[in-house]
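Notes for the one structure printed next.
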Amino acid sequence: MIDKSIFREYDIRGLVPSQLNEKIIKQIAHAIAKKCYEEG
14 MIDKSIFREY DIRGLVPSQL NEKIIKQIAH AIAKKCYEEG
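Residue numbers for the sequence shown follow the working numbering, beginning at 14 and rising by one.
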(Lines of atoms letter the chains of each structure in order from A and count residues from 1; the text may use other names and numbers.)
(Lines give C-alpha, C1' and ligand atoms only; values in the text may rest on other atoms or scores of the structure.)
Protein backbone atom coordinates (compact mmCIF):
# COMPACT_ATOMS: atom_id res chain seq x y z
CA MET A 1 0.00 0.00 0.00
CA ILE A 2 1.35 3.40 -0.97
CA ASP A 3 1.31 6.05 1.75
CA LYS A 4 -0.52 8.98 0.14
CA SER A 5 1.27 11.47 2.40
CA ILE A 6 4.43 11.13 0.27
CA PHE A 7 2.81 13.03 -2.60
CA ARG A 8 3.30 16.79 -2.69
CA GLU A 9 2.08 19.30 -5.24
CA TYR A 10 5.17 19.01 -7.45
CA ASP A 11 7.17 16.11 -6.03
CA ILE A 12 7.23 12.87 -4.08
CA ARG A 13 8.95 12.74 -0.70
CA GLY A 14 9.18 9.83 1.68
CA LEU A 15 11.36 7.86 4.03
CA VAL A 16 13.45 5.04 2.59
CA PRO A 17 12.64 2.16 2.90
CA SER A 18 9.46 2.51 4.95
CA GLN A 19 7.60 4.85 2.56
CA LEU A 20 9.70 4.55 -0.60
CA ASN A 21 11.22 1.28 -1.72
CA GLU A 22 11.82 -0.43 -5.06
CA LYS A 23 8.33 -1.97 -5.18
CA ILE A 24 6.55 1.32 -4.44
CA ILE A 25 8.71 3.29 -6.89
CA LYS A 26 7.88 0.76 -9.63
CA GLN A 27 4.16 1.11 -8.87
CA ILE A 28 4.37 4.91 -9.07
CA ALA A 29 6.39 4.77 -12.31
CA HIS A 30 3.89 2.35 -13.84
CA ALA A 31 0.96 4.61 -12.92
CA ILE A 32 2.67 7.68 -14.41
CA ALA A 33 3.59 5.80 -17.61
CA LYS A 34 0.03 4.47 -17.95
CA LYS A 35 -1.42 7.97 -17.54
CA CYS A 36 0.98 9.42 -20.13
CA TYR A 37 0.19 6.61 -22.58
CA GLU A 38 -3.57 7.05 -22.16
CA GLU A 39 -3.37 10.82 -22.66
CA GLY A 40 -1.06 10.48 -25.66
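Note that CB positions come from ideal geometry on N, CA and C, so glycine has one too.
Below 8 Å on the Cβ atoms is my guess for residue i versus residue j; work out the distance and round it to an integer in Å.
{"i": "residue 19", "j": "residue 33", "result": "7 Å"}
Measuring straight from C-alpha to C-alpha, what distance separates residue i and residue j?
{"i": "residue 39", "j": "residue 30", "result": "13 Å"}
{"i": "residue 48", "j": "residue 28", "result": "25 Å"}
{"i": "residue 50", "j": "residue 25", "result": "21 Å"}
{"i": "residue 16", "j": "residue 53", "result": "28 Å"}
{"i": "residue 43", "j": "residue 21", "result": "18 Å"}
{"i": "residue 41", "j": "residue 23", "result": "14 Å"}
Going by C-alpha distance, which of the options is nearest residue i?
{"i": "residue 7", "options": "36, 21, 28, 23", "result": "Past the boundaries of the shown model lies residue 7; the chain is included only from 14 to 53, so the question cannot be answered."}
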